[in-house]
Amino acid sequence: MEVKVLSKENIMPSSPTPPHLKTFQLSLLDQFSPVLYAPLIIFYTMDNKDDPRHHQSHEKLMATLKSSLSKTLSHFYLLAGRIVDKSICCSDEGAVFIEATVSCSMSEILKQPNNEFLMKLVPCSERCTKPIEEYAHVIVQVNVFDCGGIAISLCLLHKLMDATTIGCFLKCWATINKRSFATTNLTIDNGASELFTPPSSMTNDDNSDPFSKMVCYDYKELSSLFPQTNFLPFHPRLHEALSSNCEEKSSFQRFVFKEKAILDLKAKAKSNDVPNPTSVEVLSGFIWKCALEAASTKLGLSQIPSILTHAVNLRKRMEPPLPEFSVGNIFWNVVAHYLADKKTQVELSELVSLIRQSFVDINGNYIKRIVGNEGSEALVKLVWERNMKLFQIPKLYICTSWRNMDLSEVNFGWGKPVWIGSAGNSNTTIKNMIVLLDAISNDGVEAWVILEEEEMQILLQNQEFFNFALLNPPIPI
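Sequential numbering from 430 applies to the sequence shown in this note's numbering.
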């Protein structure tokens, strides 16, 4: 199986960014975010033989993708620039677009996705070791298989984009591309308007461009809500997790939890404190529990204290709420502390209760205290105090949920994806990471789990874990 790169070029926005929209200050939330890429791979079989659009040439398919990406960047123009110091320079340098061929059929890959091979489909490593101004915000690699199937892989710079921003960017690009098969001279039509309708205050008339000024408007507001600072607290455990000099290799594994298994876990996790646990709460709690047991076994201890952070989308929690398509890292990491006081066994219900309480704490009053100039000072102080506690905690786990983002609906015109995946390099990937997303089959949830290699091997021997989880099952196509 060989991946051969055919071409690489920069795709510029279809319209130049006006001079008065050239520079934006990073928000404090973006300052807190790490400089790394979030890799994503979306697989399409292209097997609808009755649709004449599927018979277009390779050249036209690529031309359409490039043109629609160019149109998309003209509206998400922050993503076509570069970060310089503490600002976003909307320089229209564009996104990197790579064409590649894969010398096998897609079915060979999806019968049991192999992380090592999936990494070959991804255009870059997660880590960024050069100066940040040298990195494109968006890197795309379109991989064409021998069977005609396509895998669009993306590396998106986390310094400027959270999962919600990534989802909105993908849906915008796919919508424009879907409506553009007949010509590469793209227009934005009602299909795009249905997905992205800006607030009435941002339009001058009913015929205005549905994307016009939308991204710029939102980021200016975000920068004022969370003003940047000259002093950022040091995050010891996160720094360790992101360090490029990790002595221990990481292991990336894909697990699937079917709906019945999730229901069984919910029943197991119920308590007086949390009589109705959610899927995210029970799955993150269960994986945390089993990963923590693996870490304890490795150290020869019965239990160790630990922290689980969860990324929480702040858009709907703001007063008034921010639009869904607001660009930036508009999330906050809530923290659940497990102290392991004189205990020999951790209970799932206890971990779920800790996770629930961490979510409850992020309410309207909490957010009011962390916005504006005074709020930024309070936020920095809060992070500093939190970090002091982290020095005494042996294990930090990072969890994020990509559920309910409708990524399975990202249709470029070839039908819906048959699978959405990711990959991680054992030498460079973040460790102790959990990503949850809806299974394409609509029967359960996928979990991408990254642990230190030895701890992952212990987890893979945990019979309780596999009473509920499936290890890397085949993708039906």
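Glycine included, each C-beta is placed from N, C-alpha and C at the ideal position.
Hey, out of 853, 650, 847, 445, whose CA is closest to residue 749's CA?
-> 650
Could you have a look at residue 724 and say whether DSSP puts it in helix, strand or coil?
-> helix
Endpoints, alpha helix (DSSP H) assigned at residue 606 | Residue 606: member of the alpha helix (DSSP H) spanning 592-607, first to last residue.
Which first and last residues belong to the beta strand (DSSP E) in which residue 766 is found?
-> From DSSP, the beta strand (DSSP E) with residue 766 extends over 760-767.
Which ranges does the beta strand (DSSP E) cover as unbroken runs of at least 3 residues, wholly within the stretch 527-579, from first to last along the chain?
-> 567-574
Alpha carbon of residue 810 to alpha carbon of residue 804, nearest angstrom = Roughly 10 Å between the two C-alpha positions.
What distance in whole Å lies between the Cβ atoms of residue 738 and residue 709, which are believed to be in contact at a cut-off of 8 Å?
-> Not a contact, Cβ separation roughly 13 Å.
Proximity below 8 Å, CB of residue 777 to CB of residue 689 = no
On the three-pair Cβ rule with 8 Å, is the stretch 576-593 touching the stretch 531-551?
-> yes
For residue 687, the nearest candidate out of 712, 603, 883 (CA to CA) = 712
In whole angstroms, what is the alpha-carbon distance linking residue 785 and residue 502?
-> 38 Å
By the 10 Å Cβ neighbour count, where 16 or more other Cβ atoms means buried, how is residue 729 classified, buried or exposed?
-> exposed
Taking only the alpha-carbon atoms, compute the straight-line gap between residue 849 and residue 468 and give it to the nearest angstrom.
-> Straight-line Cα distance between these residues: approximately 11 Å.
What is the DSSP secondary structure of residue 461, reduced to helix, strand or coil?
-> helix
Around the Cβ of residue 551, are there at least 16 other Cβ atoms within 10 angstroms (buried) or fewer (exposed)?
-> buried
Mapping DSSP to helix, strand and coil, what is residue 774?
-> Coil.
Pick helix, strand or coil for residue 834, following the three-state DSSP scheme.
-> Secondary structure of residue 834 (DSSP, three-state): coil.
Selection from 875, 762, 588 that minimises the alpha carbon distance to residue 900 | 875
Would you call the CB atoms of residue 744 and residue 542 closer than 8 Å?
-> no
Beta-carbon proximity of residue 902 to residue 473, cut-off 8 Å = Not a contact, by the Cβ cut-off of 8 Å.
Rounded straight-line distance, which links the Cα of residue 837 to that of residue 694 | 25 Å
Backbone CA spacing between residue 871 and residue 835 [nearest angstrom] = 11 Å
Closest residue to residue 841 among 545, 591, 604, 446 (Cα-Cα distance) = 604
With DSSP as the reference, label residue 813 as helix, strand or coil.
-> The answer is helix: DSSP assigns residue 813 an H, G or I state.
Whose C-alpha, out of 463, 446, 437, is nearest the C-alpha of residue 757?
-> 463
From residue 591 to residue 815, what does the alpha carbon distance come to, in whole angstroms?
-> Residue 591 and residue 815 have their C-alpha atoms some 22 Å from each other.
From the DSSP output, which residues share a beta bridge with residue 739?
-> 763, 828
Backbone CA spacing between residue 616 and residue 440 [nearest angstrom] = Its pLDDT being 40, under 50, residue 616 is placed unreliably by the model, and nothing is read from it.
Residue range of the beta strand (DSSP E) that includes residue 467 | 466-473
Confirm, please, whether the CB-CB distance from residue 509 to residue 435 is below 8 Å.
-> no
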